[in-house]
Amino acid sequence: MNLTRVDPVKLRHFIAVLDTGSFARAAERAEISQPAISKSIRVLEEALNLRLFERGRAGARPTRYAELLAAHARVILAEYALAEAELRAFSQADHQQIAIGASLNLAQTLLPRAIARFRRRWPDVTLSVEVGLSTPLFGRLLNGDLDLVLSAPEEGVSIDERLSRTYLLEEKDVLVVGAAHPLLKRGAISLSDLLDFPWIVPRRSNRLDRIHAVFAANRLPPPAHVLRSESSELARGLLAQEPFICLIGEGVLRSEVEAGRLAILPDLGFDNSRPAFLSIRRNSHLRAAARNLALLLQEVAREAV
Numbered sequence: 243m244n245l246t247r248v249d250p251v252k253l254r255h256f257i258a259v260l261d262t263g264s265f266a267r268a269a270e271r272a273e274i275s276q277p278a279i280s281k282s283i284r285v286l287e288e289a290l291n292l293r294l295f296e297r298g299r300a301g302a303r304p305t306r307y308a309e310l311l312a313a314h315a316r317v318i319l320a321e322y323a324l325a326e327a328e329l330r331a332f333s334q335a336d337h338q339q340i341a342i343g344a345s346l347n348l349a350q351t352l353l354p355r356a357i358a359r360f361r362r363r364w365p366d367v368t369l370s371v372e373v374g375l376s377t378p379l380f381g382r383l384l385n386g387d388l389d390l391v392l393s394a395p396e397e398g399v400s401i402d403e404r405l406s407r408t409y410l411l412e413e414k415d416v417l418v419v420g421a422a423h424p425l426l427k428r429g430a431i432s433l434s435d436l437l438d439f440p441w442i443v444p445r446r447s448n449r450l451d452r453i454h455a456v457f458a459a460n461r462l463p464p465p466a467h468v469l470r471s472e473s474s475e476l477a478r479g480l481l482a483q484e485p486f487i488c489l490i491g492e493g494v495l496r497s498e499v500e501a502g503r504l505a506i507l508p509d510l511g512f513d514n515s516r517p518a519f520l521s522i523r524r525n526s527h528l529r530a531a532a533r534n535l536a537l538l539l540q541e542v543a544r545e546a547v
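Residue numbers for the sequence shown follow the numbering used here, beginning at 243 and rising by one.
Given below as structure tokens:
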């Protein structure tokens, strides 16, 4: 075997053929010609002195050697990707920049207080914040586009083993309505009362499943009218003007509740807490500025408990 001829490019081509079962489809995925990917696999086979695929009309059928190589190849490529992300992050060290990813709730509660303290101590460091859902933020963190991510992933969200997480606090969901909502004029609110009004819930979340589960557990039908949207601005506007009900993170609309424009309904079985974490790339060598911000985030989180 001559392993000096095995490089990440050839391993990526090998995985592409393995996953697609075809040299032609692998070439499309890699955005190169089919002869080029065939040559890459041939060079890899010659270097290993092993046959990795049986060629035929049915496509490329992996041999037992291919199956064995695949497990190692995926680990190697993952390590290369992590190294590239680390190098990309370090290449920006001289610019004193920190790229932060945050969920909507934490971007409006924990993060502003931490940023305020950070800027008083290190005013020359440039901060950028991307607000979004956990899964895409984790992807950008692994790619090196973000230095750290604050989020409270919903149940079922897969956490890549290349990420390291530090617990911050519990994030709570509550039912929110407008301050003039008809429900607030009733002496007591029952679960069935909620079925008389439209709902708004985040589109890409499991909150609607939880709503259905609560009604089903009490032998009630689910709400007939549900609007799904990721926009907190739309939720804020609808709640202020129409009799909508919203199941959302407590901190997202906290300022509106404190100002008396919105109100939180009693817990009718929908309130739910999930842990929020500070995530970084595992074994990541954070720059000093990013480390300082991470420590401040943990400090602010402890105070919020």
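Virtual Cβ for every residue (Gly too), placed ideally from N, Cα, C. Remember, it's a predicted structure, so these values are computed and weren't measured experimentally.
Cutoff 8 Å; reference residue i; Cβ partners in own chain excluding five residues on either side
{"i": "V399", "result": "S376, T377"}
{"i": "T368", "result": "H337, Q338, Q339, I340"}
{"i": "G420", "result": "L481, A482, Q483, E484, P485, F486, R503, L504, A505"}
beta-carbon residue i near the ligand PLP non-hydrogen atom, thresh 8 Å
{"i": "E321", "result": "Annotation note on the ligand PLP: not contained in the displayed structure, which lists no ligands."}
CA-to-CA distance, residue j to residue i, given in whole angstroms
{"i": "A530", "j": "R461", "result": "55 Å"}
{"i": "R503", "j": "S521", "result": "34 Å"}
{"i": "G493", "j": "L426", "result": "21 Å"}
{"i": "L392", "j": "N534", "result": "15 Å"}
{"i": "A341", "j": "S471", "result": "26 Å"}
{"i": "T351", "j": "D387", "result": "23 Å"}
{"i": "H467", "j": "S370", "result": "38 Å"}
{"i": "L287", "j": "R293", "result": "The residue asked about is misnamed: residue 287 is Glu in this sequence, not Leu. Computed Cα separation, rounded: 6 Å."}
{"i": "L538", "j": "F519", "result": "14 Å"}
{"i": "L469", "j": "L437", "result": "14 Å"}
{"i": "A272", "j": "D509", "result": "52 Å"}
Residues near residue i in its chain [Cβ-Cβ closer than 7 Å; skip 5 each side]
{"i": "P517", "result": "A394, Y409, E412"}
{"i": "L253", "result": "A315, I318, L319"}
{"i": "L480", "result": "I442, F486"}
Burial state of residue i (16 or more Cβ within 10 Å)
{"i": "L497", "result": "The question names Leu, but residue 497 in the sequence shown is Ser. Burial call: exposed."}
{"i": "H314", "result": "exposed"}
{"i": "H255", "result": "buried"}
{"i": "P444", "result": "buried"}
{"i": "E309", "result": "exposed"}
{"i": "A349", "result": "buried"}
{"i": "N291", "result": "exposed"}
Proximal residues to residue i (C-beta, below 6 Å), its chain only, five neighbours per side dropped
{"i": "A335", "result": "Reliability of the predicted coordinates at A335 is poor, the pLDDT of 49 falling under 50, and no value is obtained from them."}
{"i": "E541", "result": "none"}
{"i": "L476", "result": "none"}
Where residue i sits in the DSSP three-state scheme
{"i": "I431", "result": "coil"}
{"i": "F439", "result": "coil"}
{"i": "P424", "result": "helix"}
{"i": "G479", "result": "helix"}
{"i": "G493", "result": "coil"}
{"i": "E403", "result": "coil"}
{"i": "V285", "result": "helix"}
{"i": "I357", "result": "helix"}
{"i": "D415", "result": "strand"}
{"i": "L369", "result": "strand"}
{"i": "P465", "result": "coil"}
Would you call the stretch 366-380 in contact with the stretch 319-328, where contact means no fewer than 3 C-beta pairs closer than 8 Å? Taking 8 Å as the limit for Cβ pairs, the verdict is that the stretch 319-328 does not touch the stretch 366-380.
**Study point:** Three-pair Cβ contact test at 8 Å for the stretch 259-272 versus the stretch 293-306
**Key:** Short answer: they touch.
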